[in-house]
Amino acid sequence: MKPVKTAAAAVAGINDGASVMVGGFMSCGNPFTLIDALINKGSKNLTLITSDTGYPEVGVGRLICQNRVENLIASHIGTNPVSGRKMNSGEMKVTLVPQGTLAERIRAKGAGLGGALTPTGLGTEVEKGKQKFSIAGKDYLLELPLGADFALIKAEVCDKYGNCFLPMATKNSAVVMAMAADYVVVEADKIVEPGELDPEKVTIPGVFISTIVKAELPASNLRLQS
985 MKPVKTAAAA VAGINDGASV MVGGFMSCGN PFTLIDALIN KGSKNLTLIT
1035 SDTGYPEVGV GRLICQNRVE NLIASHIGTN PVSGRKMNSG EMKVTLVPQG
1085 TLAERIRAKG AGLGGALTPT GLGTEVEKGK QKFSIAGKDY LLELPLGADF
1135 ALIKAEVCDK YGNCFLPMAT KNSAVVMAMA ADYVVVEADK IVEPGELDPE
1185 KVTIPGVFIS TIVKAELPAS NLRLQS
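What follows is the structure in structure tokens.
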């Protein structure tokens, strides 16, 4: 059985300077309850690894707006103007990674691989400082594995063994993140007994989950800035 904790207890070990992966895309699949708990804890100078920074004061975007992130690794930041301002002012270091490459780097870490070869980014800023290989007459960049101290992900259903069901697009980056972090917290809308989750619906096996938290904020919670 996996421990079921309060959100505050689940993020208690995320201290200043930690690296944190957060699942979701454009707020879809963000673990709102865990993000709130992390903000309330007061942790700062975080390295945040996420697909995007969403919108101001919405889901993962709140970590940016609340000045908790020192180093951001993401695929795009265009929908959150606060991210752009912080990048341009030098207040926050931003590393933009093509979305497919970001997913492959995370997957490589979880699978224990030495990296991923991709042609994406050849001849652009992305290529700078990276090894280039030629295989069968085609050039590739070596993208190194990317892991984190923690991963915060969202599931619709989770059993007490940690097996998770993530519907439709909410799967996005959460599946590979659960494999690539040292400690994985899943926020679930519904927690069920072992055997109540159809094995055919298991998106993330419980072996990758460290702790379970019951969601307190609805998935539709947007809290847009007025």
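When we follow my numbering, the leftmost residue of the sequence shown carries the number 985, and every step to the right adds one. Even for Gly, the Cβ is constructed at its ideal location relative to N, Cα and C. This structure is a prediction, so every number in the text was calculated from the model and none was measured.
Determine the closest residue to Ala1172 out of Cys1148, Glu1184 and Asp1166, with distance taken between C-alpha atoms.
Cys1148
Are three or more beta carbon pairs between the stretch 1072-1080 and the stretch 1120-1131 nearer than 8 Å?
no
With three or more beta-carbon pairs closer than 8 Å as the criterion, would you say the stretch 1028-1038 touches the stretch 1052-1072?
yes
Please classify Gly1062 as buried or exposed, where buried requires at least 16 other C-beta atoms within 10 Å of its C-beta.
exposed
Going by C-alpha to C-alpha distance, which of Leu1018, Val1141 and Lys1070 sits closest to Asn1200?
In the sequence as displayed, the identity of residue 1200 is Glu instead of Asn. Residue Leu1018 is the option with its Cα nearest to Glu1200.
Considering only C-alpha positions, which residue in the set Cys1142, Gly1008, Ile998 and Ile1090 is nearest to Ala1153?
Gly1008
Just how far apart, CA to CA, sit Leu1136 and Ala1100?
24 Å
Range covered by the beta strand (DSSP E) that runs through Asn1055:
Val1053 to Ala1058
Residue range of the alpha helix (DSSP H) that includes Cys1066:
The question names Cys, yet the displayed sequence has Val at residue 1066. Segment Pro1065 to Ser1073, the alpha helix (DSSP H) holding Val1066.
Through-space distance from Pro1065 to Arg1168, alpha-carbon basis:
First, the amino acid is wrong: residue 1168 is Val here, not Arg. Taking the straight line joining both Cα atoms gives about 29 Å.
Report the partner residues of Met1005 according to the DSSP bridge assignment.
Ile1033 and Ala1135
With the cut-off set at 8 Å, would you say Asp1036 and Met1076 are in Cβ contact?
no
Can you tell me which of the three DSSP states Val1191 falls into?
helix
Going by the CB atoms, is the gap between Lys1093 and Leu1130 shorter than 8 Å?
yes
For Thr990, count neighbouring C-beta atoms within 10 Å of its own C-beta (all shown protein chains included) and say buried if the count is 16 or more, exposed if not.
exposed
Quick test of your reading: Ile1090 and Met1161, contact by CB under 8 Å. State the CB separation rounded to the nearest angstrom.
6 Å
Mind listing, in chain order, the continuous beta strand (DSSP E) runs of no fewer than 3 residues lying wholly within the stretch 1104-1179?
1116-1119, 1122-1127, 1132-1143 and 1165-1176
Leu1181 - containing beta strand (DSSP E), residue span
Careful: Leu1181 lies outside any beta strand (DSSP E) and carries neither H nor E.
Can you find the residues in the same chain that come closer than 7 Å, C-beta to C-beta, to Leu1106, ignoring five residues on each side of it along the sequence?
Asp1123 and Leu1125
Between the CA atoms of Asp1143 and Ala1290 - distance to the nearest angstrom
Any answer about residue 1290 is impossible in this case: the structure gives the chain only from 985 up to 1210.
Are the beta-carbon atoms of Met1163 and Phe1192 separated by less than 8 Å?
yes
For Thr990, the three-state DSSP class (helix, strand or coil)
coil
Exposure label - Leu1208; buried when at least 16 CB within 10 Å
Reliability fails at Leu1208, whose pLDDT of 43 lies under 50, so the model's placement of it is uncertain and the value that follows must be treated cautiously. Burial call: exposed.
Taking all protein chains shown into account, do 16 or more other C-beta atoms lie within 10 angstroms of the C-beta of Asn1223, making it buried, or fewer, making it exposed?
The displayed coordinates of the chain run from 985 to 1210. Any statement about residue 1223 would go beyond what the structure contains.
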